[in-house]
Each structure stands twice: as C-alpha cells, then as structure tokens.
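A.B. asks:
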Amino acid sequence: MLLSYDWLNDHVDLKDVSPEQLAELVTVHLAEVDGVGEPGGGWPGVRVAKVVSMRPHPNADRLRLVTVNDGATEVELVCGAPNVAEGQHICYAPEGTTLPGGLLLERREIRGVESGGMVLSEQELGLSDDHDGILVLGDDAPIGAPVKDVLPGGPTLDVDNNGITTRPDLWGHYGAAREVATILERELKPLECGAELPTGSAEVDVEITAPELCSRYLGWVIGGIKVGPSPDWLKRRLETVGQRSINNVVDLTNYILLECGQPIHTFDRRQVAGGKIIVRRSQPGEPVVTLDGTERKVPADCCVIADAERAVAIAGIMGLANSEVSDDTTEIILEVANFEMTSVRRAAQALNLRTDSAVRFEKGLDPEGVPTAARRFFELLQRVCPDAKPLGGICDNRTPAPPQREIEMAADFIPSRLGIEIPAARVDEILGRLGFGVTRSGDQMKVTVPTWRAGRDVSLPQDLVEEVGRIHGYDKIAPLPLVGLNEPVDLEPERRARGLVRKALSDRCGLTEMHLYPFTTADACRRAAVEVGPLRLANAEQEGLDLLVTSYLPGVLTAVAGGLKYRDEVAAYVVQPVFAPREGELPVENERVTIAIAQRPGHEGVSPVYQLKGAVEALITELSVAGPRLRQEAGPDWLHPGRSACLARGKQSFGWIGEVHPKVARKFDIEGTIAVADLDLTALRGATGKGVRMQKISRFQSSPYDVAVLVDKRTPAADVEGVLRKVDKKLVQQVRIFDVYEGKGLPEGKRSLAFNIVFGAADRTLETKDLERLREATQQALEKKGWSLRQ
Amino acid sequence: MDLDQIQAEALTAVADATTEDGLEEVRVRYLGRKSELANALGGIGKLPKEERPTFGARVNVAKQAVTDALAARVEALRDEREGNLGDAEWIDLSLPGERPRVGHRHPITIVEEELDELFTGMGFRIVEGPWVEDEWTNFDALNIPEDHPARDGWDTFWLTDGNLLRTHTSPVQIRSMKRFGAPLRAVFPGRVFRNEAVDATHEAVFNQLEGLVIDRDITPGHLFRTINAILSAVLKEDVETRFRPSFFPFTEPSFECDIRRGDSWMELCGMGMVHPEVLRAGGIDPDEWTGFAFGLGIDRLTLMRFGIDDIRWLHSGDLRFLEQF
C-alpha cells in the first residue's frame, strides 16, 4: 500500500516531519514501511530553468537550439519539442543526469550540433506516458530549484501489506492519517464532505436479494456530468501512488477508494435498464465482459449487481463493459456499497482478479463508511464537473447496523498487561485520538469501538492493550528476566534417539545425514519396489509428487545415484518419519533410519554390505538396544535374496539390511554395489536395555589359540563362532574370525574359517593342563558338529 | 681362542660397525646364545672346580666390556643419525592429508542441536509434534478462523483424508498446553510445509522453531528480554533489537523484532503475547495465566550461519553440499 506524503499532509499537518522520519514513526508505531519512494526517484540533478532564447537548428527543420538558464549557467541544447517557447519555466536535466528510466545524458552530436542536457517531457520525468511535448511549469517555479520541490506528487511511503491485513481502515489515506495524527499528537482535520446527502425520492431503485452478501448498498443518480481529462491535482495524486489517469469520473472513484478506503463504482445511467439495481447471488457460469475487456465466467455463489435485465458488475471486484461510463455519459448511477468479505475474496481468487476494490472488501469494510464516501465523492465531483447535480435523493438499502461494540475491563488491565506504569489520562488520550470512546467508573473502564475498527479487528481487552502499547511506544517497556520454573528439563525420547543415531552414524561411522522430502511419486515407489502408500496430498504443487512416504528408499536411492557421479564411495542416511493411515486418528508417524553405503564398480574397499552391518551394530550399541540379531534370509523385493538379513529380537522385527537388488539399483541408474538398511527407529527405541556395562579386564595372562575349521560353504561363520564360545563360557575370553578361505587345496563345496581364540581366567593364569583340556574340548565340540580342524 | 682375543675382536667389531643393524649382528655374534662367550660359559663345567670361579668371572668381565661398548656405540650411532634427521628423513607435508571417512550432520541439525542446548539451558522443554496435523489444531485452535485466507488452500498441503501437513510448528503449542498445562516453558522445533512455488529463498519444506512461555503475570518485557538473550546467543554477538507492532492471529499484541545492521534494521522474527483464545484452546485460563510465543526460522539462521546461497540445497540430498558441514 502506497501512501502519499502530501495526501497525508492534507489531513494532518506534517510540518517538520520528513518523509523518512514519518516512515520510521509509522514502522515503530503501526506497521512496517518497506521504503520511502518518490516518483522519478526525486529526479536528482533535474532543476527548474528558464528558456531564454531559441533559434532554428541549422540542419533540421523540426529541431531547435534552445538556450536555458538554470540560475547558475546558460546552456544551449537541441530540443525537438513543438511546444517549447521563450520565457517558459521548464525541467532541465544537465549533462551527466540519469533520467528515471535509467538513461544517462551524455554529450553527443545531434544532426551536426553538439548538445549536452535535455528539457524533459512528462514521460521522461516518469510522470506519465505523455511525450507530445515538454512539461511546462508555472511561472512561479523558482529558477534553479530541484524539480521535486515544484512538481506535484512528492514522496510516498510503501507500507507492508501484511502488517495491515486486519486493518481495513488503513487502506485509505484518511484512516492512515488518523494513525499519523495520533502518533504525532496532532490534529486530524475533518474530511471535507459538503452537504448532507439528499433524501428525496430516488431515481434509482436498489433491491438486495442476497443480504448475506451485501449489508448495504447506496445508489444515487447524479446528472450534469461532463467526462473529460482530469485536472492536474487529481492526475498527480493518482500518479504519485502508481495509478494511471483515465478520465475525471473514473479518476475520482479511484481517488475516493484511495482516500476513504471505500471502493465506489459508477454506471452510465443510460445502460442500467429499468433504473433498477438488483444485488443478487450469481448464477453459476454467467458469461460477462469486465471493464478490462476480458470475457469471464462469474464464479458460483458470489455477489453480482444486475439491472432489470442483466448483470452490470461483479460486486466489489469490477464493473462490466456493458454499463461503463464513456465520453458521452451525462448521468451516472453512483454505487457505494458494503460487500461481504469472504465471498469477494473467493470470487477474486476464482477470477484471478484481485483488484484494488477486492483487496479492500476482502478485509471487511465498515458499512458506516458508505455515506461518507458518497458525500466526499460528490464534494470533489463538483470540482471536476462543475455542473454536476443530484437527480433525486439517495437510495440507501441496508441491513440494520449492529449495536456499537463495547469492551469492559478492569481500569488497570492495560498497564498491567503491558507491565508498565502508564497514566489513565494517557491511555484515554491515545484511545480517544484513535476514535475509541472511554468511560471510567471506579476500578472499571468501558471502551466503545469505532465502527471502522469493529469488524474483526478490535473485540477484546487485549486488542486495546495493543493499541495503547504501540502508540505509547514499545521502547518504553523495559526488558525483564523470567523467574521461577527452575526444574531440569530433558529431551523427549524421540529427539534423544535421533541424536544417538547421528552420533553412531555421523560421528562414529563416517556417514552423512540427509534431509529428504516426505513425499514421493508412485513411479519412484514402483521402481524401488516399495509400497505405494495410501496417504495422498490433495493439492500437490508438483504433478504426481503427492504420496506421503512409507519408505525413504526411493529418495535415498536417488541421492546415492547422484552422489556416485562425484564420489567412489557414498555413505549417507536419513532419519525421518514415514506415514501409515490409522482409522479415525491422525496417521501413525514411525521414525525410520534408512542407511545407504555404495561403491562405484571396481572401487577397492570393504564391501558396502559389511560396512553397513558395522554401522548398524554401532547404531544398536549407541541406542542400547538389548539383544537384537541379524537373521540372514531373503527379504523384501528391493533386497538381493542371497544378501539380506532381518534385524530382529525374537518375533519382533526392526527392519532389513542387505545389498539392494541389482534390478532396483539399475532402475535408479546405480552402477556398482549399494547396500541399504531400513530400520524402524520407533521400535528400536522401545527395545532399549541397560546400555553399556564395563567388562572386567583380567590382570592375569591369557593364551591365544588359533584354529582353522573346514566347513560346508554355506555354514554361517557365526554358527561356528557360537560353538567355539560355548566350549567354556567362563574361560573363552574372545573368539575372532580372521580368515576365510576357499579354493585351491580344499575339497569342492568347502571353505576354511580361521579363528583366533583367547583362553584366560579372571582370577589366575591358566595352567598347561587347563589349556590342554580347553583345546581338547574345542576339537571335540567341532567334531560333534561334523566340522574338522585343519592343521 | 682365548678370552682376551675374543674380547679384543668383539670390541673391534663394535668399533667398526657403522649402522645400528650392523651392531645388532655384532651383538648376536659375540653375546648371543651361540656365541663363543656363551659357549665358554657353557663349558665351564668341564674345568676343574677350583678354576671355575676365576674363569666365570673372567667371562663375565669380557661380556660386560662388550655389552658396554655396544651400548656406547649404539648411542653414538643414534646420535649421529638423529643429528641429521632434518635432511635424512625429510617428507613433504604439503601433500594432502588423509583421514578415515568422516561423517557429517545436516547443517539444519547442527543449528537445531545448538538451539536445543541453548533452550534446555534456559529451562525450556523441547517438544515435537506430528508432521500431519488436523485442521482444528493447525488453524482453529490458533485463532485462525474458517474463512481466513490461510485456510483457502493455496499454501496448505491438504491430504485427501482432510488432514494436512502442518503449516507451522504452532499446533505443538496447543498439544503442549494440553499435555503439560501451566506454567510452561517450551520450544517446538521441526519441519513445516507450505504449498508454494520453490525458488532460491522459498522451500515447500522448511524448519521452524517456536517458543512458548506461560506463567502468571508474563508481560512483553519478559518477552523482549528473552528474545534479546536468545538472539545474542544464536548470532554470537550483542545484538541491538527493536520491537514493533505486527499481526499474527495467535498473539495479541503481536510484535516483530528487528536487529540493527549498520544504519538499518533487519527483520528477524515474529512474536507476541499469546491470544486468550489460544490459551483457552489449550485448556488454560487466560484470566489466570498469560504468556508469550515467538518463532524463529531455522532455515534462515542456517543459511546465514553457513553462507548458503540457495535454500533448495537443504533438501537436495546432494553430498557435495552435505559433506561440507
């Protein structure tokens, strides 16, 4: 929302307050001002000069050599404007000036004559599209003065719209001026509205058949209209805030919108059939042509203005071309109305037509502002159309006004909620200036809310705390330390668990954490051979990207494929929730850890699946999960059937780990080997045990004993290890596999597993006879399983 | 060979050795298990009993002499070598370092963990909530009425079942008020979702942290002081702040906090005194308790902290990015 400094100055005296100071005050007391602007950027360097003489250009009939004097120097320059004349005060841009359009004026030759500066047109000043001639200033414009001091318009304040979205009263200069007057503690001048509205019999009949969409509609026929260009003051005002001048009548309706914040509309009386205005609900898909010349279909359930025969306006958004004011219009029907905010917003959205009018109605306007806008319009209309006269009285059709809103509260409510001392008189003054009425009795106070604040803006005592606080100044509130509540706080278990996952995987195992979108496509799920989940987004921005994930496998595979383009080895994980529907409740959000380790083909290093197993073991240790085992078996379809295992404890499964099936890897363009673990962190978190306990370290010497065991190829090493451990639960201190061999020298279908065993006791050094017995027992245990010792 | 001769030979060999390896050979030859001195001592039993002590002593004197000479020579050789280490064992330390594969936390995680530490230190609980929310908790309870523009769907991801992806972490305020009651001091970090076109500064999925304090007689002064403390800690500088009016449906009054950056102010976060309707929705009596709430954009802090040029990196899964942190 652009506020014109000069326009505000009409309503409150801004003497000694610069635009920049005003912007700062508005920001701190009302709403953020994004910047202070000026048309043409204030025209730096451009000054008022006088045309002192002219002579013809030697080589061009249509050009002249004009000498201008800016009070300091006289310069001759080439000028092509037809309207330039001796004695004129004009806008002179010397050589070196940058014009509002970005053009830098340099000395150059024009048809054989060197020229530096320029005499500017309205277009070159950035004021309008008028390029027919130079802009001629009044003779009172002081020679040498910067043109920004003499051109109408002046600075603007760009108020952030978000800050005033609940303040319909601030969408016009007068409402903003009320705030400025309050902040500056200066007088808000009354709006000049001329005579009361005539009440005689109206020449237009207004019928509201949809009162829920229109609480008030004032129609008024005005004659003596002469459509023509707007006077300068009106044009400049509109141009200052970025509007284009069209004609005097249309410009004035825009002026009222920008001043009062109340959109108004004018119809050509001739085009309104039957002298009748009907405010009704739209019929679905009514075809219309709006004022901008566009064919549209009126959305269902919005409000339409119709005459006796047809629609003439989409209420609160835009009039239709069929009833537009044109050059030969002599009589108009003025519409000042109040339309329901939500229906206007929805219709504007459906039409993709958020006009200045719609923007205001959708904030919820004050129905009591209707007559004021009508009066102000007629007052100013007489200045742009001196023959304008009312034809009959107004037809003001409305639903009854609600009673004036009152807020009652304890007299000390406002200071106590602000936490500062603030005298009652100051509170009353601030509220009074803003238009609130205050009465106090005993320790209670009653505040009446002005109608322009009574929409959804001010209804609670807390709202008044804000009014007083912001005007009084938040800088007057001293910072206070919090006291009390000194209990220890602990992280919630899910957050703590996530931290442990990161510690195990990022800190201990060298994996990189990713964040991934929790939605995916059905295609990606199919390629990854995971479930296409039933939970869908109804309005995904990106076509097809609408499934809430049941697995992060697709996202992880995509990321890994990307990573392998730049790295020989990729090791990454994600820890985020997956979603499953739950009848009558919000979906279940179970947290999953999905880990991937992948290598390019030919990369030498520990095989990904064994690295992954190591990482999963580290994770289990970090989470203190008691007793889960990896059980090798063919897993879900995305896993290699001979290289997958289930992480489980008894019947409870925590997820799967293994090499990704080459078919799946290929569908994500992954060459090489990739291993993935997909684990249910929520379940793991529920299975935690005591955690790490120290193992006693014996002070006595232990004895190593290495064995090589010949087994069938598919006999799991872990089984052999288990047998070796069970030889003597106390004295076998360690069993560690250090070699796996198959091939030359071994029978077909067999392999050799070499273990390093350590025998020892906590309380003594083992004697030779103990060691002999243990070796004997080891051999017997192996033979019992049908495994033989290799010598 | 007599002992004198052996000793003399050994001492010469020691003196002639020029390397530590060579000396070791000398040691084995003259003092090892199969050396002549060892043999001589082993053969002592063949001597007449009365000669044995003298002979034994003589052997030991020889062994000691050789041992001492060896030790002295080892030291001399080592000194010589180490005196010249700089040239003899020079390596090029400008070659790149090698380290085991190093893991990385996501940059958002790094900032979140710092915030966790900061807030737990200030006595705030850290509370999380579901990513999929119901409409009431995400909107109604937060005083965002049915016909509020935010509900119209252009920036909310709706699920086909009528639920939605939370548009802010504020619904966790409501869940926490119900769970813990008053007084309460908590922050709610987490991911939030907006159905918006994505560009360098806008993401559909991003991270917020919201804070809530409810107690008796909480006033804006408490809020301002808390924010000053938080921002100074997060930005690691003594920040100069100003508080100015703003609007949020769930707070009244509402404020925006700016921090000074040179001659101008930079908008940093929004906040306000908890709206009485929101307290009520959380089951807390607004006549008895007051509170404040504030929100921080974790993504923005992360981008500022690490100089990240495009918010889309955060969810890219691109390891060239992630491995930098």
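Read top to bottom, the protein sequences are chains A and B. Take the position in the first sequence, starting the count at 1, then add 100; the result is the number in the numbering used here. Take the position in the second sequence, starting the count at 1, then add 1282; the result is the number in the numbering used here. The C-beta atom is built at its ideal place from N, Cα and C for all residues, glycine as well. Please read all numbers here as calculations on a predicted model, not as lab measurements.
1. Run through the DSSP bridge pairs and tell me what A:A775 is partnered with.
2. Taking C-alpha atoms, which residue in A:E594, A:R627, A:R875, A:A604 lies nearest to B:G1472?
3. Check whether the Cβ of A:Q482 lies closer than 8 Å to any Cβ atom in chain B.
4. Is A:C336 helix, strand or coil when you go by DSSP?
5. Roughly how many angstroms lie between the CA atoms of B:E1318 and B:G1324, to the nearest whole one?
6. What separation, rounded to the nearest whole angstrom, lies between the Cα atoms of A:G226 and A:G196?
7. Report, in whole angstroms, the separation of the C-beta atoms of A:G493 and A:S301, which I expect to be a contact under 8 Å.
8. Quick check on DSSP: helix, strand or coil for A:S753?
9. According to DSSP, is B:G1472 helix, strand or coil?
10. Just to confirm before moving on: does the CB-CB distance between B:T1419 and B:R1457 stay below 8 Å?
11. Do A:L824 and A:F855 have their beta-carbon atoms positioned less than 8 Å apart in this structure?
12. Taking CB distances under 8 Å as the criterion, tell me whether A:R667 reaches chain B.
13. So A:A193 packs on A:M218, CB below 8 Å; how close in whole Å?
14. Would you please verify whether the beta carbon of A:G137 is less than 8 Å from any beta carbon of chain B?
15. According to DSSP, is A:H231 helix, strand or coil?
16. With burial defined as no fewer than 16 other Cβ atoms inside 10 Å of the residue's Cβ, what is the status of A:E285: buried or exposed?
17. Could you compute how far the alpha carbon of A:T621 sits from the alpha carbon of A:G644?
18. From the beta carbon of A:M545, is the nearest beta carbon of chain B less than 8 Å away?
19. Name the residues in the stretch 708-738 of chain A whose C-beta lies less than 8 Å from a C-beta of chain B; which are they?
20. How about the stretch 367-387 of chain A and the stretch 267-285 of chain A: do they share at least three Cβ pairs that are nearer than 8 Å?
21. Considering only DSSP beta bridges, list what B:G1589 is partnered with.
22. Buried or exposed for A:G202, please, with buried defined as at least 16 other CB atoms from any protein chain shown within 10 angstroms of its CB.
23. Along chain A, which residues have their Cβ under 7 Å away from the Cβ of B:L1596?
24. Taking just the CA atoms, how far does A:K326 sit from A:K376?
25. Could you list which residues in chain A have their beta carbon closer than 7 Å to that of B:G1577, in chain order?
26. Who are the Cβ neighbours of A:R147 in its own chain at under 7 Å, not counting the five residues just before and after it?
27. When the Cα atoms are used, what is the spatial distance from A:I433 to A:R498?
28. Would you say B:N1445 reaches chain A, if we count a Cβ-Cβ gap shorter than 8 Å as a contact?
29. Can you pull the chain B neighbours of A:L560, defined as C-beta to C-beta under 9 Å?
30. Can you list the residues of chain B that A:A214 reaches, using a CB-CB cut of under 8 Å?
31. Kindly indicate which three-state DSSP category B:F1574 falls into: helix, strand or coil?
32. At a cut of 8 Å, does the stretch 120-140 of chain A reach the stretch 252-261 of chain A through at least three beta carbon pairs?
33. With A:A415 and A:V404 assumed to form a contact (beta carbons below 8 Å), what rounded beta-carbon distance in angstroms separates them?
34. Distance, Cα to Cα, A:D116 vs A:T340?
35. In the structure shown, what three-state DSSP assignment does B:W1547 receive?
36. From this set, A:R627, A:E176, A:P200, A:H231, which residue's C-alpha is nearest A:R207's C-alpha?
C.D. replies: Looking at the atomic coordinates:
1. In the DSSP output, where bridge partners are listed per residue, A:A775 has A:I697, A:E759.
2. A:E594 is the residue among A:E594, A:R627, A:R875, A:A604 whose C-alpha sits nearest the C-alpha of B:G1472.
3. False, the Cβ-Cβ gap to chain B never drops below 8 Å.
4. Going by the sequence as given, residue 336 of chain A is Arg instead of Cys. Collapsing the DSSP output to three states places A:R336 in a helix.
5. Computed Cα separation, rounded: 9 Å.
6. Note on geometry: alpha-carbon atoms of A:G226 and A:G196 lie some 18 Å from one another.
7. Their Cβ separation, rounded to whole angstroms, is 6 Å, which keeps A:G493 and A:S301 in contact under 8 Å.
8. DSSP places A:S753 in strand when its eight states are reduced to three.
9. Shown here, B:G1472 sits in a strand according to DSSP, grouped into three states.
10. B:R1457 sits close to B:T1419, with the two beta carbons spaced by under 8 Å.
11. Against a cut-off of 8 Å, the Cβ pair of A:L824 and A:F855 comes out as a contact.
12. When Cβ-Cβ separations below 8 Å define contact, A:R667 makes contact with chain B.
13. Between A:M218 and A:A193 the Cβ distance is about 5 Å, and since that is below 8 Å, they are a contact.
14. At a cut-off of 8 Å between C-beta atoms, A:G137 does not count as an interface residue with respect to chain B.
15. Coil, per DSSP.
16. A:E285 is exposed by the Cβ-count criterion.
17. Their Cα atoms are separated by approximately 6 Å.
18. Taking 8 Å as the CB threshold, A:M545 stays off the interface with chain B.
19. When C-beta distances to chain B are compared with 8 Å, every residue of the stretch 708-738 of chain A stays at or above that value.
20. Result no; under three Cβ-Cβ pairs closer than 8 Å.
21. As far as DSSP is concerned, B:G1589 takes part in no beta bridge.
22. Around the beta carbon of A:G202, fewer than 16 other beta carbons lie within 10 angstroms, which makes this residue exposed.
23. Under the 7 Å cutoff, chain A gives H615.
24. Using only the alpha carbons, I get a separation of about 23 Å.
25. None at all; the shortest Cβ gap to chain A is about 14 Å.
26. Its chain contains D170, Y192, G244, A245, P246, V247 as the residues whose beta carbon lies nearer than 7 Å to that of A:R147, once the 5 sequence neighbours on both sides are disregarded; these appear in chain order.
27. Those two C-alpha atoms are separated by around 18 Å.
28. At least one chain A Cβ lies under 8 Å of B:N1445.
29. Neighbours of A:L560 on chain B, chain order: E1534, H1557, P1558, E1559.
30. A quick correction: the sequence has Glu, not Ala, at residue 214 of chain A. Here the premise fails: no neighbours, minimum Cβ distance about 42 Å.
31. When secondary structure is reduced to three states using DSSP, B:F1574 falls in the strand class.
32. Yes, the stretch 120-140 of chain A is in contact with the stretch 252-261 of chain A.
33. 6 Å between Cβ atoms; contact.
34. Taking the CA atoms as reference points, A:D116 sits about 21 Å from A:T340.
35. Of the three classes helix, strand and coil, the one that applies to B:W1547 here is strand, per DSSP.
36. Out of A:R627, A:E176, A:P200, A:H231, A:E176 has the C-alpha closest to the C-alpha of A:R207.
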